[in-house]
Amino acid sequence: MTDLKPHLDHAHVRDLLKSMIRIRHFEDKCAELYTQQKIRGFLHLYDGEEAIASGIIPLLDNKDRVVATYREHGHALARGVPMGAVLAEMYGKSEGCAGGRGGSMHLFSRDQNFYGGNAIVGGGLPMAVGLGLADHLEQTKAVTACFFGEGAVAEGEFHESLNLATLWKLPVLFVCENNGYAMGSALNLTESETDISIKAASYGLNAETVDGMDIVAVEAAARRALKHIRDTGEPCFLECKTYRFRAHSMFDAQLYRSKDEIAEWRRKGPIVRFQTWLEKTGLLHAKEVSEIIAEVDAEIAEAVAFAEAGTDEPLENLTNHVMSGIRPPAPSPVTPGASTNTTYREAIKAGIVDALTRDDRVFLMGEDVGHYGGCYAVSKGLLDQFGADRIRDTPLSESGFTGAGIGAAIAGMRPIVELMTVNFSLLALDQILNTAATLRHMSNNQFGVPVVIRMATGAGKQLAAQHSHSLEGWYAHIPGLRVLTPATMEDARGMLWTALEDPDPVLIFENVMLYNREGDLAENAGPVDIDKAAVRRTGTDITLITYGGSLFKTLDAAEVLSNEGISTEVIDLRTLRPLDMDTIIASIAKTHRALIVDEGWKTGSIAAEIGMRLAEEAFFELDAPLARVCSEEVPIPYPQHLEQAAIPQTAKIIDTARNLMTVQP
């Protein structure tokens, strides 16, 4: 696409009109099928907005990418996703474009570079930035087109994404489909500034407003924007003013607007407007329009037949594609060579250097990771060593840059995203939970998310309640993630290596109290197995199960207990999801007693999960009740004596273990 002006010859105007009619008639049929309960859940129709998808998407090259919103049937059809596969997906059939796993709001097609609809308002914007970042780093000259409604403008992710894309000069075309209503709220009721292109322009990117009901104007604006992106590598923004003729979704009674308002907009709708002009100018005749309608209706009939004949996925496939079925091979054991005394901090840094040196796709991104050297000085000096493209300082926009890392990973990069502390990760929870953890499953294994997200966790530095969380157990609750908790020098360095080879999202929690810990690390230390727990001390009387920052307290407790004649085995979980229950149960079969030490709060803790699993799977191996030592049920206090009392300590571990040993089988 090099021309700036649309060539309105006969073939082109016919294609434009057919594309809009195809979307409109398809969705009319979808509405009918919804009333018959053949399509279920939410159904958001594109009726009235067809000129936008039809005017922009055909201009994209095959290598370009499309990120859509939950109102994405028109985008999928315009991109070339087969209509039968789209409708079968909406039926929930295995022949659907996402195997029936996504439904109406989550259409995917790897073949068409269609990265799906997104049910979270504004949720696709950071992903689009990440896809653009990958293309920028690999110099592919591809463009990512991201479609969203004006309701997304109120979300923080909108602002974070535009800022990042402009700051980093990324090839993203942002398309705001301003249909006037965010669900049931008119724009002037929710925004102090209703000119959305002004908001976009404030970030310094090229922004334009266009009549979204005029397909020729939309195409012309898109041509200008795409040329600018391809020439400069910088983002552009199009605000397409349009109107949705139907309800927000099929559940919507539309009490917030009048029938007269809808009728007025219908009279200037994109299809009637373009078709009337074509017939008046003689570019297209009524007979040809009838032929287009007949072609479209025949295709729709075939799509309905295809969907109706679709099959349900067998129940035994329920848990398919939560994680990749292809796992990297476990690292081969290496005889440790000469060792060097180092710190946990430096071991992590060595792992990052290994990764950056070994794989050009790897880059580190996060708040203050570059010029400042990281909040905990893990990345100090790496900016000078590897440059700003690979050690990327980000704004304080956790959702935006985490989502960008996720998008870059989907595109084939291997980003290491550093969230400064675990409490900040809650600002990125939407991207971690709703995109990283779900994309493989919802896309039916078409897209994976091989991102690594590191964060500091734990208490002990008098940082008070808002900086002293141990939330790794929360994340271990989420299917689709791997959750690692390295405690030793070897794991601090080697887990990152293995995590970057994993095809799925991996979260690494680094306890703040370990950064200054010193120890020996073999100079030939390499990747470690992230699927297995480790027995750090063997014993026969009681098993102490722990992880992360509590490991060394637990080992100290075990030493005291062993000196008292209690033979104590210590298991370092290392990985909280998936749990290595085989190693735990094998130990319980030997000791018949279990004490779990967990720095998280007791209620809903990972300790509770392990305890229940032992009750389910190894109940008859137990000679005593299960016990646990967790943080007290209180926000972690600031005063040191209260802080220390709130989190597990060696003395409490010892006392609890002693009491457990007094229980007779």
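Residues in the sequence shown are numbered consecutively from 1, following the UniProt record's numbering.
Even glycine gets a Cβ: it sits at the ideal position worked out from N, Cα and C.
Given the structure is predicted, the values throughout are model-derived calculations rather than measurements.
Asked, Found
"Residue burial classification, R489 (beta-carbon count within 10 angstroms, cutoff 16)", "This sequence places Met at residue 489; Arg is not what is there. Per the 10 Å Cβ criterion, buried."
"Inter-residue Cα distance where the pair is E234 and L173", "9 Å"
"Sequence-distant residues of its chain with Cβ nearer than 7 Å to L396 (five each side left out)", "E367"
"Residue range of the unbroken alpha helix (DSSP H) whose run includes V296", "A286 to E308"
"Limits of the alpha helix (DSSP H) - the one that A11 falls within", "H10 to T35"
"Start-to-end residues for the beta strand (DSSP E) that takes in W601", "A594 to W601"
"Expected contact under 8 Å - CB spacing of I571 and A533 to nearest Å", "5 Å"
"Coarse secondary structure for residue 684, derived from DSSP in three states", "This structure cannot settle anything about residue 684, because the visible part of the chain is limited to 1 through 665."
"V129 in three-state terms, based on DSSP", "helix"
"Cut-off 7 Å between Cβ atoms - residues of its own chain near T538, not counting five sequence neighbours on either side", "E569"
"Heavy atom of the ligand MG within 8 Å of A465 beta-carbon", "Looking at this structure, you won't find the ligand MG or any other ligand, since it has none at all."
"C-alpha distance - I198 paired with R257, whole-angstrom precision", "26 Å"
"Own chain, CB closer than 8 Å to M183, minus 5 neighbours either side, in chain order", "G151, H248 and D252"
"CB contact flag (L463, R493, <9 Å)", "no"
"Residues bridged to R65 [DSSP beta-bridge criterion]", "T144"
"Proximity below 9 Å, CB of L43 to CB of A76", "no"
"Residues near C97 in its chain [Cβ-Cβ closer than 7 Å; skip 5 each side]", "V81, A85, V86, E89, L107, F108 and S109"
"G204 to S19 span [Cα, whole Å]", "33 Å"
"Cβ shell of C375 (< 7 Å), same chain only, five flanking positions each side left out", "D368 and M420"
"Residue-level contact to chain C via CB, A657, 9 Å cutoff", "Looking at the structure shown, chain C is missing, and only one protein chain is on hand."
"Neighbour-count burial assignment, A409, 16 or more Cβ in a 10 Å radius", "buried"
"Per DSSP, cross-strand counterpart(s) of A627", "L595"
"Status (buried if at least 16 other CB within 10 Å, exposed otherwise) for T554", "buried"
"Length at least 3, wholly inside the stretch 221-245: the beta strand (DSSP E) runs in chain order", "236-241"
"Status (buried if at least 16 other CB within 10 Å, exposed otherwise) for T319", "exposed"
"Identity of the residue in G448, I453 and L383 nearest T402 by Cα", "I453"
"Residues that S339 bridges to, as DSSP identifies them", "A522"
"D572 - DSSP class collapsed to helix/strand/coil", "strand"
"Collapsed DSSP secondary structure at L205 in the structure displayed", "coil"
"Exposure label - V121; buried when at least 16 CB within 10 Å", "buried"
"Cβ neighbour criterion (16 or more within 10 Å) applied to N659", "exposed"
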